[in-house]
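Worksheet: the structure to be examined is printed underneath.
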Amino acid sequence: MDTWDPYTNAVNKNCQTHIVFEQLHVVATFNRVIDKFRKSEYRKAAKYLLLKTLCNVRCPNHRQQLKNLLALNEVTNTVMILKEQVKHIWSYRSRSWAGKSLDEWCALARSVNHRALSKVAKMLERHRYGILKHCDYPIHTDVLEGVNSKIMVIKGKAYGFHDIRYFTLKIYQAFYN
Numbered sequence: 004m005d006t007w008d009p010y011t012n013a014v015n016k017n018c019q020t021h022i023v024f025e026q027l028h029v030v031a032t033f034n035r036v037i038d039k040f041r042k043s044e045y046r047k048a049a050k051y052l053l054l055k056t057l058c059n060v061r062c063p064n065h066r067q068q069l070k071n072l073l074a075l076n077e078v079t080n081t082v083m084i085l086k087e088q089v090k091h092i093w094s095y096r097s098r099s100w101a102g103k104s105l106d107e108w109c110a111l112a113r114s115v116n117h118r119a120l121s122k123v124a125k126m127l128e129r130h131r132y133g134i135l136k137h138c139d140y141p142i143h144t145d146v147l148e149g150v151n152s153k154i155m156v157i158k159g160k161a162y163g164f165h166d167i168r169y170f171t172l173k174i175y176q177a178f179y180n
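Heads up: the sequence shown is residues 4 to 180, going by my numbering.
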């Protein structure tokens, strides 16, 4: 399921079940962070400095800006590594290995010292139980998402159904052909 706290609270309150968090939702959250990160870092960078070499930059302020910009490349690479590694956590079948991978991911995210990355690390640690449950129940919502999409297409083609029974029959027809 999604990691949205109202969902997990409702399931915990009303159901006797295990919660397993879907990789898709965690990766989507991190992709939004990467986009914010990219935009904020781009605003900091001075484009013309990249065209010069360090020895050709005479102004001390510009020299420091260029050094910062070159260091930024290292940070950006770390963020891209984090993007790939967060997906890998769901490939483990052992809870201890998955937990170790999650701990390493969070430590690396915090080492970048960026507020958005630290926030994602905190969110992953808060939802650790549902992420590690994937080792016990290696399920995905891919099929369910596909079914929902197909139902939405059926509904869209008909411009809505006024008779719920007929709509149900159209759904059966779509999946049992």
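Beta carbons: idealized from backbone N, C-alpha and C, even for Gly.
How about residue 44: is its C-beta nearer than 8 Å to some C-beta of chain D? The structure shown contains no chain D, having only a single protein chain.
For residue 36 versus residue 120, is the C-beta distance shorter than 8 Å? yes
Can you say whether residue 62 is buried or exposed, counting buried as having 16 or more other CB atoms within 10 angstroms of its CB? exposed
How do the segment 122 to 138 and the segment 160 to 176 stand: do at least 3 beta-carbon pairs fall below 8 Å, yes or no? no
What runs of the alpha helix (DSSP H), each 4 residues or longer, lie entirely inside the segment 94 to 129? 98 to 114 and 118 to 129
I need the straight-line Cα distance from residue 90 to residue 30, nearest angstrom please. 7 Å
Between which two residues does the alpha helix (DSSP H) containing residue 155 stretch? 145 to 160
At a cut of 8 Å, does the segment 75 to 86 reach the segment 102 to 121 through at least three beta carbon pairs? yes
Using a Cβ-Cβ cut-off of 6 Å (strictly less than) and excluding sequence neighbours within five positions of residue 98, which residues of its own chain qualify? 135 and 138
Would residue 33 pass as a contact of residue 86 if the rule is Cβ separation under 8 Å? yes
Classify residue 61 as helix, strand or coil using the three-state DSSP reduction. coil
Endpoints, the alpha helix (DSSP H) within which residue 19 is located: Residue 19 -> no alpha helix (DSSP H), and no H or E assigned at all.
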